[in-house]
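Heads up: the sequence shown at position 145 corresponds to 1145 in our numbering, and the numbers run straight through without jumps. Even glycine gets a Cβ: it sits at the ideal position worked out from N, Cα and C. As structure tokens, the structure follows; a few thoughts come after it.
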Amino acid sequence: LRDLLSIPDNYKVLFLQGGAWTQFSAVPMNMMKNKKAAYIITGQWAKKAWQEAKKYGDAVAVASSEDKTFSYIPDCTDLDIPADADYVYICENNTIYGTKFHALPNTKGHDLVADVSSCFLSEPVDITKYAVMYGGVQKNIGPAGVVIAIIRDDLITDDVLEGTPTMLKWKTQADNDSLFNTPPAYGIYICGKVFKWLKKQGGLAAMKERNEKKAKLLYDFLDQSKLFKGTVRKEDRSLMNVPFIIGDKDLEALFVKEAEKEGLVSLKGHRSVGGMRASIYNAMPYEGVEKLVAFMKEFEAAHPAK
């Protein structure tokens, strides 16, 4: 993993339990020295993390795209970040809404914390731009139940909020090489297999190229289709999650049902937004997206837009 991401020596890599949800609490518990933090709300997961952080201090939302159902990434070039904020928090890729930070926010010198659960290892990143990067592994890396956290050394201290559980203190985990208690060994083993597979594929630069090619095929079709419509502002589109709609709930239900007969499963959109969503993570081959687009063309021919 250090090799794949070029992780510098002054960052620790922790294999933790409890999924990304647990880090919604661990981040403020370990980092809120001034009891203040800035959150950028771009979807349900950032919102849930923000709501959790408010239990531990003054977590303020400094930007949000909720006004348009999280269909874009807000302008983060000149945010009103409290001077004494301990960190700025983002969810880098938003699975439900299909948006992605293609440029990191200007944190004005504050530490950046990113939940990368749904874009982890999909493209190269500069770890030094982050203070903390963490993600559940179940999208791109391995079975659910493992979370990987990459944390800058100076943030791993005994100076945590009073009442922080032993298991949620990063120093506990770092001092014990993620073996403080019995780890989810099989899940971590599978992650290791995937890291080796990624290296064989040519590393993260090769994965980015592959993911861009897959996403382009689907977005290009959506942009010219008269029946299907993408829901995300073009410059903020995710390479991992592509939501789209028809605008007719009955027809959408029929599309999902017919798609399943063709072996195209899990296309139903999240209940909070409806429509459809194609998740095209690292493991999805180009041929899978080709098959989806071919089916969408057939469906459109059979049900032309009125």
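| Asked | Found |
| --- | --- |
| By the 10 Å Cβ neighbour count, where 16 or more other Cβ atoms means buried, how is glutamate 1287 classified, buried or exposed? | exposed |
| For proline 1028, name the three-state secondary structure that DSSP assigns. | helix |
| The alpha helix (DSSP H) that contains methionine 1296, what's its start and end? | 1286-1302 |
| Let me check understanding here. Comparing Cα to Cα, which of Tyr1087, Glu1092 and Phe1221 lies closest to histidine 1110? | Tyr1087 |
| Could you compute how far the alpha carbon of histidine 1270 sits from the alpha carbon of asparagine 1093? | 15 Å |
| Expressed to the nearest angstrom, what Euclidean distance is found between the alpha-carbon atoms of proline 1183 and serine 1279? | 29 Å |
| Judging by CA-CA distance, which residue of Val1146, Lys1213 and Arg1233 is the nearest neighbour of alanine 1185? | Val1146 |
| For my contact list, alanine 1038 and proline 1082 are in at a C-beta cut-off of 8 Å; report their separation, rounded to the angstrom. | 6 Å |
| Could you round the C-beta distance between valine 1256 and proline 1243 to whole angstroms and report it? I think they count as a contact, below 8 Å. | Their Cβ separation, rounded to whole angstroms, is 13 Å, which puts valine 1256 and proline 1243 out of contact at 8 Å. |
| If you follow the alpha helix (DSSP H) that tyrosine 1219 is in, where does it begin and where does it stop? | 1203-1224 |
| Quick check on the burial criterion: 16 or more other C-beta atoms within 10 angstroms. Buried or exposed for serine 1272? | exposed |
| Does the separation of the CB atoms of tyrosine 1089 and isoleucine 1127 fall below 8 Å? | no |
| Could you pull the start and end residues of the alpha helix (DSSP H) that tyrosine 1309 belongs to? | For the chain, the structure presents residues 1001 to 1306; residue 1309 sits outside this window and is missing. |
| So is lysine 1249 buried or exposed if we call it buried at 16+ other beta carbons inside 10 Å? | exposed |
| Around the C-beta of serine 1178, are 16 or more other C-beta atoms found within 10 angstroms, so that it is buried, or is it exposed? | buried |
| Please report the distance separating the alpha-carbon of methionine 1276 from that of threonine 1164. | 40 Å |
| Within the continuous beta strand (DSSP E) that includes arginine 1277, where are the two ends? | 1276-1279 |
| Among Thr1157, Ala1103, His1102 and Glu1052, which residue has its Cα nearest to the Cα of alanine 1020? | Glu1052 |
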